Amino acid sequence: MPKIMAINAGSSSLKFQLLHMPEEKIIAKGLVERIGMDGTVMAIEFDGEEHTVHPAINDHADAVREMLAFLTEKEIIQSLDDINGIGHRVVHGGEKFSASALMTDDMIAEIEKLSELAPLHNPANIMGIKAFKQVLPNVPSVAVFDTAFHQTMKKDKYLYSIPYEYYEKYGIRKYGFHGTSHQYVGERAAAMLGKDEKDVKIISCHIGNGASIAAIDGGKSVDTSMGFTPLAGVTMGTRSGNLDPALIPYIMEKAGKSAEEVIHVLNKESGMLGLSGFSSDLRDIDEAAKGGNERAETAMNVFASRIHKYIGAYAASMNGVDAVVFTAGVGENSITVREKVSRGLGFMGIHFDEERNQTRGKEAEISAENSPVKIFVIPTNEEVMIARDALAFSGQQ
Ligand SMILES: Nc1ncnc2c1ncn2[C@@H]1O[C@H](COP(=O)(O)OP(=O)(O)O)[C@@H](O)[C@H]1O
Ligand SMILES: CC(=O)OP(=O)(O)O
Ligand SMILES: [Mg+2]
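Going by numbering that gives the first Met the number 0, the sequence shown opens with residue 0, and the numbers climb by one from there.
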């Protein structure tokens, strides 16, 4: 039975699952957080127990080595040769990659070229890929792209209203991200509706630290809120989401910043952190808002209202909707955000149920009994999707 390792490298974290495939049985799973910062934590779960260690880790390559050392030490695997395939999340695949691909040195070079389009993400993904190549050079390594699922968008959705030659010359267009997650929850939502995916229209709200909304019609992405980079769309933990582009030179002049510094502010110091002034973590902001902090309350309302508007927009785009899905850290857990987003949609047949909304972290319906359009909470599972694609390629070498 093949053992497949699925790797989801974030800007400061590395999530992984080791699975028996095709059964999709988890052998071990874990998370290394705060990579490159003080207090790195590695938490690994296996045999129903969670182990937390604090190894010295400077970068994603160290994280991979420590994680593999832990797995062999605890005899979760007898040796590294037990791993039959590796799947890596890669955030930006540009127009080059519309499906998962077996990693060759040339492919890695192509992904490196795309780093300037996803500077918070692709460099970490590449470091993960290279670290595995170093210790397991002969095991098939497969890249699974966040952008791939959105390659079905039509030109009228992915083109910006700017001179057409910028698209032709520089590849400037909307790409969209979190595709693996939107695809997973889209499939689960169709199953929960008891229908074939081809016959349903889904609006998927992936709301984590990064957040994006997708319109999925007949199992295909037709529109999504992120753009050329993962900075666009709704308000996020530290990212601004959409704004008037004329603000960039205006802020440069007023605050005496370079273009690069303004983009840094929009990526790292904006969103919920910028609005609240104290945290990017939704839990902190929700608690402060409930304690009477007005800025936190405003931040919560900005956050929810942006998502709320996309639901209206995407229902219009698809000429209908069968289910709205909440997923990722905030979507799976925040009772407050789900309520703020879901209220005031009754005119389009989306009726929210306060009591059902108390659920957390498991698949559930949170719409009212008689609601024509369903609202679902569906925990995402990017890792299982990555493992499925890695398995498909692991027999080919
Ligand atoms: N119980 C909870 N209630 C509200 N928000 C939560 C809860 N648990 C996690 N979150 C939020 O989820 C976000 C992280 O989501 P996640 O999907 O892990 O993000 P990413 O993969 O982008 O790092 C954080 O903002 C955190 O506040
Ligand atoms: C693409 C993206 O924003 O990813 P994440 O939510 O993991 O930051
Ligand atoms: Mg994520």
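Where is the CB? At the ideal position from N, CA and C, for every residue including glycine.
In this text the structure is predicted, and so the values were computed from the model without any measurement.
In this structure, Ala5 is the residue among Val221, Ser275, Ala5 and Val264 with its C-alpha nearest to the C-alpha of Leu67.
In the DSSP secondary-structure assignment, Arg88 is bridged to Val143. In the three-state scheme derived from DSSP, where H, G and I count as helix and E and B as strand, Gln16 is classed as strand. The criterion of a C-beta distance shorter than 7 Å is not satisfied by Glu196 and Gly178. When the five nearest sequence neighbours on each side are left out, the beta carbons in the same chain lying within less than 7 Å of the beta carbon of Ile82 are those of Lys2, Met4, Ile76, Leu135 and Val138, in order along the chain. Rounded to the nearest angstrom, the gap between the Cα atoms of Lys267 and Ala100 is 31 Å. The three-state reading of DSSP puts Glu353 in coil, since its state is none of H, G, I, E or B. Taking the CA atoms as reference points, Ala312 sits about 21 Å from Val329. Taking the Cα of His149 as reference, the smallest distance to any Cα among Ser160, Ser78 and Ser203 is reached at Ser203. Remark: C-beta atoms of Ser333 and Leu281 approach each other more closely than 7 Å.
Rounded to the nearest whole angstrom, the C-alpha separation of Asp37 and Arg359 is 30 Å. At a cut-off of 6 Å, the beta-carbon of Val90 counts as near ligand 2: some heavy atom of the ligand is closer than that. For the region 289-341, the continuous alpha helix (DSSP H) assignments of 4+ residues that do not extend past its boundaries occur at 293-317, 327-332 and 334-341, in sequence order. Those residues that bring their Cβ nearer than 6 Å to a heavy atom of ligand 1 are Gly9, Gly207, Asn208, Gly209, Gly236, Asp280, Leu281, Arg282, Ala327, Gly328, Val329, Asn332 and Ser333. Nearest in C-alpha terms to His53, of all of Ala62, Gly47, Ala213 and Asp216, is Ala62. Not one heavy atom of ligand 2 sits closer than 6 Å to the Cβ of Phe96. Residue state for Asn208 is assigned as coil, using DSSP reduced to three classes. Setting aside the 5 residues that flank it on each side, Val340 is surrounded in the same chain by Ala303, Ile306 and His307, each with a C-beta closer than 6 Å to its C-beta; the list follows chain order. Taken from the Cβ of Phe325, every heavy atom of ligand 2 lies 6 Å or farther away.
Between His91 and Leu113, the gap from beta carbon to beta carbon is short of 7 Å.
The region 245-259 makes no contact with the region 273-292, as fewer than three CB pairs between them are under 8 Å. In the structure shown, Glu368 falls within a coil segment according to DSSP collapsed to helix, strand and coil.
Under DSSP, Glu260 takes part in no beta bridge, so it has no partner. Taking each of Ser370, Ser180, Ile349 and Pro21 in turn and checking the Cα distance to Leu390, the smallest one comes out for Pro21. A direct Cα-Cα distance of roughly 10 Å separates Asp216 from Gly319. It is roughly 11 Å from the alpha-carbon of Tyr163 to the alpha-carbon of Lys154. Annotation for Pro229 indicates a beta carbon within 6 Å of some heavy atom of ligand 2. Distances between the C-beta of Phe277 and the heavy atoms of ligand 2 are all 6 Å or more. Ser275 carries a helical assignment under DSSP once its states are collapsed to helix, strand and coil. For Phe176, the Cβ falls inside the 6 Å cut-off from some heavy atom of ligand 2.
In this structure Asp388 is not in contact with Gly47, their Cβ atoms being roughly 28 Å apart against a cut-off of 8 Å.
Per DSSP, the unbroken alpha helix (DSSP H) holding Lys154 starts and ends at Lys154 to Tyr157. Comparing alpha-carbon positions, the option among Pro229, Phe325 and Phe346 lying closest to Ala117 turns out to be Pro229.
Cβ-Cβ distances below 6 Å link Tyr165 to Ile171 in the same chain, with the five nearest sequence neighbours on each side left out; the list follows chain order. Separation of Leu274 and Glu338 (C-alpha to C-alpha, rounded to the nearest whole angstrom) is 20 Å. The criterion of a C-beta distance shorter than 7 Å is not satisfied by Val184 and Ile349.
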